[in-house]
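K.L.:
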Amino acid sequence: MSPRAIILDCDPGQDDAVAILLALASPEELELIAITTVAGNVPLVRTSANARRVVDFAGGDVPVYAGAAKPLLRPLATAEHVHGATGLDGSELPPPRRPLAPGHASRAIVDLVRARPPKSVTLVATGPLTNVALALALAPDLGERLEAIVLMGGAIGLGNVTPAAEFNMFVDPHAAAMVFTAGVPIVMFPLDVTWQVRVTAERLARIAAIGTPLARAVAGMLAFYRGRGTREDAPRGALHDPCTIAWLVEPRLFSGRPCAVEVETASPTALGRTLVDWFGVTDRPPNATVMREADADGFFALLEKRLARLGGG
Ligand code: RIB
Ligand code: CA
9 MSPRAIILDC DPGQDDAVAI LLALASPEEL ELIAITTVAG NVPLVRTSAN
59 ARRVVDFAGG DVPVYAGAAK PLLRPLATAE HVHGATGLDG SELPPPRRPL
109 APGHASRAIV DLVRARPPKS VTLVATGPLT NVALALALAP DLGERLEAIV
159 LMGGAIGLGN VTPAAEFNMF VDPHAAAMVF TAGVPIVMFP LDVTWQVRVT
209 AERLARIAAI GTPLARAVAG MLAFYRGRGT REDAPRGALH DPCTIAWLVE
259 PRLFSGRPCA VEVETASPTA LGRTLVDWFG VTDRPPNATV MREADADGFF
309 ALLEKRLARL GGG
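Taking my numbering, the leading residue of the sequence shown gets 9, the next gets one more, and so forth.
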């Protein structure tokens with residue numbers, strides 16, 4: 009089978025960075041045709057620099073397009089308390105060598121998808137959905153042309169930025185609502201499944217033991233990342249974003265079911281909440297496949313194997 013063409017819209021962020029690397033290390037399954045960046049974990053100038061730092065260090069050759077510097081309507085909320093001031097603290101990656109690709113990320117998403125046969129490009133989104141919503145608004149045909157949108161975000165249960173909301177959905181709930189009502193096939197990785205995929209000390213040691221410059225950089229960034237967290241019993245070191253890529257490479261690692269999903273855009277206490285109708289108690293038709301179970305050991309076995317392919321440096 010020829011590799012699946014993907015565009016990765018992200019806000020690096022250590023976990024986004026691992027998603028980029030896993031995609032670059034999986035050319036049999038994935039053709040990463042572009043990376044687009046959005047403000048989220050850290051401001052756009054940093055997420056755009058971080059994406060290029062990761063691609064450069066891995067020796068990749070993927071264009072990086074910068075997108076939205078703020079959400080559609082809300083003020084930007086960032087997460088330096090989790091990812092550090094640079095967004096990639098702990099990695100020690102050198103500054104980017106490559107320039108940004110010209111043009112806005114949303115324009116690039118539309119043009120790249122239109123340049124390929126219908127249903128041949130999958131859009132992976134691991135940050136706030138601002139660029140994705142803008143692209144859908146820019147090109148009403150985008151929805152039919154995309155194979156699917158595979159996204160990390162939302163929660164069936166508890167949120168991580170408020171009791172109700174997960175960070176990506178909270179930062180831009182209006183964009184998220186546009187995406188979930190666009191009629192595009194969606195595969196959703198909420199916190200309930202990504203919190204199962206955590207970097208433990210043992211898993212970190214195995215990544216470091218790969219011994220390449222790139223594996224050492226990944227171990228450094230994940231050592232920083234897993235040390236951050238809010239409450240003692242809050243899940244730490246979850247590799248949220250690479251779950252999307254791992255599923256594209258090895259679908260059996262995850263399981264879920266079609267659900268109706270709605271995004272709260274008005275409530276001051278539950279803004280960004282994803283209401284996932286897991287038991288089908290409403291008459292709303294499913295608009296997403298929601299993943300809820302993960303094979304975490306299988307995920308890390310895949311990640312270690314693929315990271316070992318990337319020398320880096
Ligand atoms: O809530 C976790 C998500 O928010 C991840 O994508 C992380 O990188 C941040 O963007
Ligand atoms: Ca992210």
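In this text, a Cβ means the ideal position worked out from N, Cα and C, and glycines have one as well.
1) Check this for me: beta carbons of residue 21 and residue 177, under 8 angstroms apart or not?
2) Kindly indicate which residue of 68, 194 and 79 has the alpha-carbon position closest to the one of residue 297.
3) Determine the closest residue to residue 250 out of 290, 16 and 78, with distance taken between C-alpha atoms.
4) Exposed or buried, which one is residue 10 when buried takes at least 16 other CB atoms within 10 Å?
5) Quick check: is any heavy atom of ligand 2 less than 7 angstroms from the C-beta of residue 251?
6) Terminal residues of the continuous alpha helix (DSSP H) containing residue 289?
7) Is there at least one Cβ from chain D nearer than 8 angstroms to residue 239's Cβ?
8) Under a three-way DSSP split, which group does residue 221 fall into?
9) Please determine whether the Cβ atom of residue 299 lies at a distance below 7 angstroms from any heavy atom of ligand 1.
10) For residue 110, which residues from the same chain have a beta carbon less than 7 angstroms from its beta carbon, with the 5 sequence-adjacent residues on both sides left out?
11) Exposed or buried, residue 285, counting other C-beta atoms within 10 Å across all chains shown (16 or more means buried)?
12) Nearest-angstrom Cα distance between residue 245 and residue 91?
13) Based on the DSSP secondary-structure assignment, which residues constitute the bridge partners of residue 297?
14) Would you call residue 275 buried or exposed, if buried means 16 or more other Cβ atoms sit within 10 Å of its Cβ?
15) Can you name the start and end residues of the alpha helix (DSSP H) that residue 19 belongs to?
16) Hey, would you say the C-beta of residue 134 is under 7 angstroms away from at least one heavy atom of ligand 2?
17) How about the segment 81-97 and the segment 110-129: do they share at least three Cβ pairs that are nearer than 8 angstroms?
18) Tell me the DSSP bridge mates of residue 33?
19) Skipping 5 residues on each side, what residues in its chain have a beta carbon closer than 8 angstroms to that of residue 129?
P.N.:
This is what the structure holds:
1) no
2) 194
3) 16
4) exposed
5) no
6) Segment: none, residue 289 is in no alpha helix (DSSP H) and carries neither H nor E.
7) Looking for chain D here will not work: only one protein chain is present.
8) helix
9) no
10) none
11) buried
12) 11 angstroms
13) 195 and 266
14) exposed
15) No alpha helix (DSSP H) contains residue 19, which DSSP labels as neither H nor E.
16) yes
17) no
18) Paired residues: none, contrary to the question.
19) 13, 14, 15, 41, 120, 121, 153, 154 and 155
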